[in-house]
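This report concerns only the one structure given below.
In this note's numbering, the protein residues as written are 2 to 392.
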């Protein structure tokens, strides 16, 4: 009889930690990142129940929202007792008829195979009152997938439970083993690299990049999305969580990701993070800007937002006026490589249709740039602006 041993295996490219069951003498090796991508060898499909207790619908649930809207895996239920009885379609539209349930027992009736931690709180810690639910999910035979800074696979209680039952614990925020500073490499000839930047964090930079990738593909272009955060990695199956990198290696890692994306397509859409003036997250924004050395940028903004997310009510300046902020991005980019903001992407989900159209027109007139809400109306107009600028 084959004896079963517990091994911990590490993906040397994405450093995704898993606890798995394997046979003795097994040598586990992940293919290089670019090999896995070119051959479309992506992680297995999952059936998620998304844990967003007390948070679904707000900014803290952006991981849940992103995976539901853009992910390749099926979501069978959302767990949030405060919203129980409602449906995800109330937030994302009729295409997302996913029930919100009160507890794990209700979710298990829908036969999920994985619990997804669906929040992205400041600091990335596991809420203490969620531990019981996570342990119950493990005991029920569910894998657990997380993008938090606090790694579930390093938690002794979770790891012991996972070993006992035989399930995976997956941490998407573990950084890659790659450690290199920027080399100043030039983009492959014919490649167009686009970076989404923003007036704040949690303002839709990932969604904008994904909508632009979709619009480019619909136009017949070979387009690639480069994930730089945990939610994007969950959606796309590859990338690097840039907010977990050693500072010296941030720009170099982004450069490395772009190099690999260039092997798959000609239009590269790099997911932005933070904002240049956010007191907590400006460093990661700068590293992305100088590591990606984009040919063009798209600025994401939410009309009506005046304070930085997570810094509401604190002393200090709020969000900057758009025109000088656009100029600032171009000046900072030019310290390494010239780049321009080609268009403005608005998040108007809190506005009515007339208000949304008015905001788009107003910002377009204010900045002199093509402006649209790509999530609400599609990314075609923004792609047209990019194509025109980079012709």
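Using N, Cα and C, we set each Cβ at its ideal position, and we do this for glycine too.
Everything numeric in this text was worked out from a predicted model, so none of it was measured.
- Across the structure, residue 252 and residue 224 are spaced so that their CA atoms are roughly 22 Å apart.
- The distance from the Cβ of residue 294 to that of residue 337 is about 6 Å, consistent with a contact at the 8 Å cut-off.
- DSSP places residue 60 within a helical segment (H, G or I) once states are collapsed to three.
- Only exposed fits residue 280, as fewer than 16 other CB atoms lie within 10 angstroms of its CB.
- For the pair of segments examined, the stretch 268-280 was found not to touch the stretch 350-360: the number of CB pairs separated by less than 8 Å stays below three.
- Distances from the alpha-carbon of residue 328 to those of 319, 315, 344 put 344 closest.
- Only buried fits residue 348, as 16 or more other CB atoms lie within 10 angstroms of its CB.
- For residue 366 and residue 263, the gap between their C-alpha atoms comes out near 35 Å.
- Closest in C-alpha terms to residue 177, from the list 188, 229, 212, comes 229.
- Runs of the alpha helix (DSSP H) lying entirely within the stretch 124-194, each at least 4 residues long, are 132-140, 157-166 in chain order.
- The stretch 361-387 contains, as complete beta strand (DSSP E) runs of 3+ residues, the segments 371-373 (chain order).
- Cβ neighbours of residue 326 within its own chain (closer than 7 Å, five residues either side excluded): 200.
- Judged by their CB atoms, residue 100 and residue 173 are not nearer to each other than the 8 Å cut-off.
- Where residue 330 is concerned, the enclosing alpha helix (DSSP H) starts and stops at 323-335.
- Residue 383 places its beta carbon less than 8 Å from that of residue 373.
- With a threshold of 16 other beta carbon atoms within 10 Å, residue 214 meets it and is buried.
- According to the DSSP assignment, residue 259 belongs to the alpha helix (DSSP H) that extends over 251-262.
- Using a Cβ distance threshold of 8 Å, residue 114 and residue 140 do not count as a contacting pair.
- Three or more pairs of CB atoms, one per stretch, sit closer than 8 Å, so the stretch 316-326 contacts the stretch 191-208.
- Going by beta carbons, residue 48 and residue 77 fall inside the 8 Å limit.
- Just measuring C-alpha positions, the residue of 75, 84, 83 sitting nearest residue 96 is 75.
- For the options 376, 330, 54, 90, the alpha carbon positioned closest to that of residue 121 is the one of 54.
- A residue is called buried once 16 or more other Cβ atoms fall within 10 Å of its Cβ, and residue 127 is buried on that count.
- Here residue 199 carries a strand assignment [DSSP, helix/strand/coil].
- At least 8 Å separates the beta-carbon of residue 275 from that of residue 183.
- CA-to-CA, the gap between residue 51 and residue 160 works out to about 20 Å.
- At least 8 Å separates the beta-carbon of residue 89 from that of residue 235.
- Residue 107 and residue 56 have their C-alpha atoms some 18 Å from each other.
- Counting only the Cα atoms, residue 154 lies some 25 Å from residue 285.
- Burial state of residue 244 is buried, judged by a 10 Å Cβ sphere holding 16 or more other Cβ atoms.
- For residue 246, the closest C-alpha among the options 311, 62, 289 is that of 289.
- With 16 or more neighbouring CB atoms inside 10 Å of its own CB, residue 210 falls in the buried class.
- A Cβ-Cβ distance of about 15 Å is found for the pair residue 65 and residue 125, leaving them out of contact under the 8 Å criterion.
- According to the DSSP assignment, residue 207 belongs to the alpha helix (DSSP H) that extends over 206-219.
- A distance below 8 Å between beta-carbons, with the five flanking residues on each side excluded, links residue 377 to the following residues of its chain, in chain order: 349, 350, 357.
- Non-local beta-carbon contacts of residue 231 in its own chain, meaning distances under 6 Å to residues more than five positions away in sequence, involve 148, 173, 174, 242 in chain order.
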